[in-house]
Amino acid sequence: MIVHDGPSSAVLFGPGEERATVRCLARRGMLHSECEAFDEVELAPGTRWEPAGVGGTETVWYVLTGTVRTDRRPVPLTAGGLVLAPHGGATTLTAGRKGARLLCLTLGPASVTRALPARTPSTARDSLSSHNSRKDQP
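Residue numbers (full-length UniProt numbering): 1 to 138.
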């Protein structure tokens, strides 16, 4: 993963007062990760956000502050609420009267993640041990 800790963000303007601020926290740097991206998204009050999945990705939205409604749920979600936008399922988020701040985790397509090699703590430890033993050899 390529981690970004700077203040840079993109501001997207919609009709009227609609505004979304998106700050990238991390992006996939190589193929060996199920995670495509990890973003912080701030929605101005009343902003409708229709995140478009790319190439079969799935997204998980976690509400940090404020409230947000989805087109699939009549009850607004508050801090601690989760929204899952599965592959092929369009989801529209609408921020409440005070706006909303969310974290968005985007996961790669299943066809890609199924092809990734197994990565468990034991395989990572074995790989590190093997690497370290090779360094000690002349």
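Quick reminder that beta carbons are idealized off the backbone N, C-alpha and C, glycines included.
Computed from a predicted structure; not experimentally measured.
Within the same chain, Cβ atoms closer than 7 Å to the Cβ of Arg72 are found at Thr91, the five residues on either side in sequence being excluded. Going by DSSP, Gly81 is part of no beta strand (DSSP E) at all; its letter is neither H nor E. For Ala90, no beta strand (DSSP E) encloses it, and the DSSP letter there is neither H nor E. In this structure, Val63 lies away from Leu105, with their beta-carbon atoms at least 8 Å apart.
Under the three-state reduction of DSSP, Ala115 is assigned to coil, being neither helix nor strand. Here Gly66 is bridged, per DSSP, to Ala100. Looking at the DSSP output, Val41 bridges to Val22 and Leu102.
Ala110 has no beta-bridge partner at all, per DSSP.
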